[in-house]
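One gets this note's numbering by counting positions in the sequence shown from 1 and adding 1013 to each. Think of the CB as a built atom: it goes at the ideal place given N, C-alpha and C, for glycine as much as any other residue. In what follows, a single structure is set out as structure tokens and then discussed.
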Amino acid sequence: MPLTGIYEPSKYEFSREQAEAYESSGGAQANTLLDKPIVVLTSVGARTGRLRKTPLMRVESDGRYAVVASAGGAPSEPAWGNNLRNHPHVELQDGAVKRDYLARELAGDERETWWRIAVDAWPDYESYRTNTDRLIAVFLLEPTNP
């Protein structure tokens, strides 16, 4: 069942504009970052309950997606990481296709497997890991209706 509620645009202009252009064009515009494909994650704000849209690197394998809460290796995690922990039902748009997923945070060997897949998709994740003392959260998104 698709998410419903009030959309609260990102305070970050570039992210807001990219997510809105991507979504309004069915993924035909604003669909890359440095020539790498992106997806748009819609989550429910942990504090506000409002819908948040976040463009993220496309990390996909066998119909499942990983989203990496790297924030470029910043000391603090992006807010959407906490959103997924509190409200694991999300939507993900990959191109023209938008589907519902359940998110769960990965640990152990499963996290490492998906970390390698993520680094293959966006090699900068590896340098982000060396720029921070925190363990960068990796969430697996699995379709609610495969």
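- E1123 sits in a helix when the DSSP states are folded into three classes.
- Counting C-beta pairs closer than 8 Å gives three or more between the segment 1073-1088 and the segment 1119-1135, which meets the contact rule.
- R1112 and P1050 have their C-alpha atoms some 17 Å from each other.
- Of the other Cβ atoms in all chains shown, fewer than 16 fall within 10 Å of the Cβ of L1047; this residue is therefore exposed.
- For S1083 against Y1138, the beta-carbon gap comes to about 6 Å, under 8 Å, which counts as contact.
- Look at I1149 here: in three-state DSSP terms it is coil, with no helix or strand label.
- The continuous alpha helix (DSSP H) containing Y1141 extends over residues D1137 to T1143.
- Judged by DSSP in its simplified three-state form, V1110 adopts strand.
- Here DSSP, grouped into helix, strand and coil, assigns S1083 to coil.
- The beta-carbon separation of A1032 and E1090, rounded to 19 Å, does not stay under the 8 Å limit for a contact.
- Between N1096 and the set E1026, Y1035 and A1059, the nearest pair of CA atoms involves A1059.
- Residue pairing by DSSP places P1068 opposite V1053 in a beta bridge.
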